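Asker: Just so it is clear: in the sequence shown, position 176 is 175 by numbering that gives the first Met the number 0, and no numbers are missing. Sharing a structure with you now.
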Amino acid sequence: MNVSKGLRYSVLTATSVLVMSLYSCSSSVAVADDDNDKAAMAAQLEKAESMQSGDEWQKSFDPASCNLVTTGRNDYFVLEPGHKLILEGDNTKVEIKVLEETKMVAGVETRVVKESEWKKGKLYEVAMNYFAICEDTKDVYYFGEDVSFYKNGKVVNHDGAWVAGDGENKAGLFMPGKVATNLKYYQEVAPGQAMDRAEIISFDGVCETPAGTFENCLKVKEGTPLDESVLEYKYYAPGIGLIIDDDILLTSYES
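Spelled out as structure tokens, the structure:
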């Protein structure tokens with residue numbers, strides 16, 4: 000799930016622009032209407048500040064302090080076997096499926112999430128991603144991925160592969176259990192190899208996709224210090240997960 004994948008969409012084609020004009024997201028500024036709302040917003044702000052204390056981007060996490068499990072969900076990430084998303088756009092198709100399979104990574108049992116990508120009908124990439132979720136906080140941690148790129152039906156390289164516990168590599172925070180605007184955190188912590196990071200922009204958007212219209216959508220900006228020219232925006236819907244990745248959009252989903 001490298002941000003570098005998003006570089007292929009950094010320059011939109013005319014078709015992509017047309018598609019995104021038909022399917023889009025909008026958001027508004029959140030306003031606290033009562034004491035409960037104010038308390039919730041204050042808690043979110045406190046979490047944002049604590050995560051960034053001493054460092055603009057949080058990259059030190061302690062998943063070992065959690066009761067990590069291989070099955071669960073938070074508002075914007077579903078880690079349950081059988082959950083599947085299909086996103087499509089401009090000759091590209093991506094399938095993300097939570098498998099029954101688990102894998103031990105750095106002494107932690109993780110759930111395998113398979114991400115497959117096709118370009119013009121031909122298999123381009125397969126990534127086996129490793130996640131675990133904190134049973135208490137619902138934070139989803141990312142323990143790495145095994146990647147295979149294809150050309151003419153044959154594997155040509157494994158660029159972007161990394162796993163926690165290999166050298167200085169550590170698990171990153173993929174999706175917080177409680178989101179808050181301005182949260183900035185590393186999703187991957189593999190120095191010199193994979194350092195994807197995310198910033199939460201908003202979580203009140205309304206997004207239209209071929210699969211339907213979704214409210215309270217999370218908008219995330221992703222990039223990497225390894226190549227600051229790489230930047231993309233992703234949108235997540237409650238109870239579903241990823242629905243827009245730059246110019247590919249959710250066309251179907253199932254659990």
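Heads up, the beta-carbon is just placed ideally off N, CA and C, and yes, glycines get one too. Computed from a prediction, not measured in an experiment: that's the story for all the values here.
Using 8 Å as the threshold, is the stretch 238-248 in touch with the stretch 88-108, meaning 3 or more CB pairs across them?
Answerer: yes
Asker: Between the alpha carbons of Trp-117 and Glu-99, how many angstroms are there, rounded?
Answerer: 23 Å
Asker: I'd like to know if the stretch 221-234 and the stretch 149-165 are in contact, where contact means that at least 3 CB-CB pairs between them fall below 8 Å.
Answerer: no
Asker: Ala-63 by DSSP, collapsed to three states: which one?
Answerer: helix
Asker: Cβ of Glu-231 within 9 Å of Cβ of Cys-24?
Answerer: no
Asker: With a threshold of 16 other CB atoms inside 10 Å of the CB of Asp-74, please say whether the residue is buried or exposed.
Answerer: buried
Asker: For Glu-187, is the classification buried or exposed, using 16 other Cβ atoms within 10 angstroms of its Cβ as the cut-off for buried?
Answerer: When all chains shown are included, Glu-187 counts as buried.
Asker: Mapping the DSSP letters down to three states, classify Ile-247 as helix, strand or coil.
Answerer: strand
Asker: Rounding to the nearest angstrom, what Cα-Cα distance links Asn-147 and Met-127 in this structure?
Answerer: Note that residue 147 is Ser in the sequence shown, not Asn. Looking at the two C-alpha atoms, the distance is approximately 9 Å.
Asker: Using a Cβ-Cβ cutoff of less than 6 Å, which residues in the same chain neighbour Glu-124 once the five nearest sequence positions on both sides are dropped?
Answerer: Glu-116 and Phe-148
Asker: In the DSSP output, which residue or residues are listed as bridge partners for Ile-85?
Answerer: Note: Ile-85 is bridge-paired with Glu-94 and Ser-251 in the DSSP secondary-structure output.
Asker: Since Lys-150 is in the beta strand (DSSP E), which residue starts that stretch and which ends it?
Answerer: 139-150
Asker: Can the beta-carbon of Tyr-185 be found closer than 9 Å to that of Lys-58?
Answerer: Taking 9 Å as the cut-off, the Cβ atoms of Tyr-185 and Lys-58 count as close.
Asker: So who's on the other strand from Phe-213, going by DSSP bridges?
Answerer: Cys-206
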